[in-house]
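According to the working numbering, the sequence shown is numbered sequentially starting from 412. Ideal Cβ positions, reconstructed from N, Cα and C, are used throughout, including at glycine. In what follows, a single structure is set out as structure tokens and then discussed.
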Amino acid sequence: MDLIQSDEYPLQATLATPQPSSEVRRDAGTDDDDGKDRQFVTALARGLEILRCFRPGEAYLSNSEMAKRTGMPKPTISRLTYTLTKLGYLTYSADQGRYQLGAPVLALGYTLLANLDVRKLARPAMQELAEYAQCSVAIGIRDRLHMVYVEACRGSAAVTLRRDAGSRIPLATTAMGKAYLCGLPQPDRDFLMDHIRLTAETNWPKIKTDIEQGFKDYQDRGFVLSSGLWDANISAVGVPLLDPDIARTMAFNCGGPAFLLPQERLVEDLGPRLVQLVRNVEMSMGRHIG
Numbered sequence: 412m413d414l415i416q417s418d419e420y421p422l423q424a425t426l427a428t429p430q431p432s433s434e435v436r437r438d439a440g441t442d443d444d445d446g447k448d449r450q451f452v453t454a455l456a457r458g459l460e461i462l463r464c465f466r467p468g469e470a471y472l473s474n475s476e477m478a479k480r481t482g483m484p485k486p487t488i489s490r491l492t493y494t495l496t497k498l499g500y501l502t503y504s505a506d507q508g509r510y511q512l513g514a515p516v517l518a519l520g521y522t523l524l525a526n527l528d529v530r531k532l533a534r535p536a537m538q539e540l541a542e543y544a545q546c547s548v549a550i551g552i553r554d555r556l557h558m559v560y561v562e563a564c565r566g567s568a569a570v571t572l573r574r575d576a577g578s579r580i581p582l583a584t585t586a587m588g589k590a591y592l593c594g595l596p597q598p599d600r601d602f603l604m605d606h607i608r609l610t611a612e613t614n615w616p617k618i619k620t621d622i623e624q625g626f627k628d629y630q631d632r633g634f635v636l637s638s639g640l641w642d643a644n645i646s647a648v649g650v651p652l653l654d655p656d657i658a659r660t661m662a663f664n665c666g667g668p669a670f671l672l673p674q675e676r677l678v679e680d681l682g683p684r685l686v687q688l689v690r691n692v693e694m695s696m697g698r699h700i701g
């Protein structure tokens, strides 16, 4: 059967410190500089926000639902959905009275995946590790304050995690997300930490302590561990895929049901194996940076 899925750093950069990269600023979930940036096309950004409203398992959304999720006025939503429908990025169901994503959106996503060479290079080793551990191994990239799977392999065990490419998990409270943070330059990491703090509300002290423990684990062992903050039923390790270009930084995880993966096995066996897998991938891609 399958296990059902559940979906001491200064935080403000100053003028005297390096600034986070545009890649991180642009995609942290806020648009601090958009009102001042004359190159920024607000209408385009709003249209893309419409497309981001759709979540796995939700085929249809109404204008009212999209307005609620984006905070945009309904008349604006109506104009945007009309335009996106004309372009084919949305289709309208008269029976449902709601919209769904169109094929061109899939084409964009497929193009991204097809151009990620890391998937082809890493998949054989990922599948081997998944079979050895009888768990799941995945690669993820950051989408605002989440990680999105771009490749996933599963072992043949009857009990496993059922997450495929496109699955989203939190950045702040998962092994993959914490590993990604460990792979960033300090200014970019601090910038994201600040945005995590703003969204975490009362849970921030626990999250901050957990992330800092992840930094220590990464320095000591080369990998981070899940802590149960997101899902106490899942155990995992995470390792960043390093790159001088922050836009190409990713993270791997290896995880499964907690009752099958005690911490001792994660620390002594699967963590080191995942580190070696990722370092081999970096070497193969010419991306190893020490």
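Around the CB of F663, 16 or more other CB atoms lie within 10 Å, so the residue is classed as buried. Put simply, the backbone Cα of Y629 is about 7 Å away from that of C593.
The C-alpha of M587 lies about 12 Å from the C-alpha of S638. Secondary-structure assignment with DSSP links P581 through a beta bridge to H557. By alpha-carbon distance to E679, the top candidate from D654, Q538, A647 is A647.
Taking the Cα positions, N691 is about 27 Å away from S432. L556 places its beta carbon 9 Å or farther from that of L685. Put simply, the stretch 548-562 touches the stretch 659-677. At least three CB pairs are less than 8 Å apart.
Straight-line spacing of the CA atoms in S473 and M694 works out to 47 Å. In this structure the stretch 469-487 touches the stretch 506-517; the number of beta carbon pairs closer than 8 Å is three or more. Here the alpha carbon of V650 sits roughly 23 Å from the alpha carbon of W615. For the alpha helix (DSSP H) assignment, the uninterrupted runs of no fewer than 4 residues enclosed by the stretch 584-622 are, from N- to C-terminal side, 586-593, 597-611. Distance from L677 to A536 at the Cβ level is roughly 18 Å; contact not present, criterion being Cβ atoms closer than 8 Å. Leaving aside the five residues that flank K485 on each side, the residues in its chain whose CB is nearer than 8 Å to its CB run, in chain order, N474, S475, A478.
At least 9 Å separates the beta-carbon of C564 from that of G667. Non-local beta-carbon contacts of L609 in its own chain, meaning distances under 7 Å to residues more than five positions away in sequence, are absent.
Judged by their CB atoms, L595 and M558 are not nearer to each other than the 9 Å cut-off. In the structure shown, M537 adopts helical secondary structure according to DSSP, grouped into three states.
Sequence-distant Cβ neighbours of R457 in its own chain, meaning closer than 8 Å and more than five residues away, are T481, M483, T487, L491. Separation of R530 and V561 (C-alpha to C-alpha, rounded to the nearest whole angstrom) is 8 Å. Excluding sequence positions up to five before and after N644, its CB lies within less than 6 Å of the CB of A669, all in the same chain and listed in chain order.
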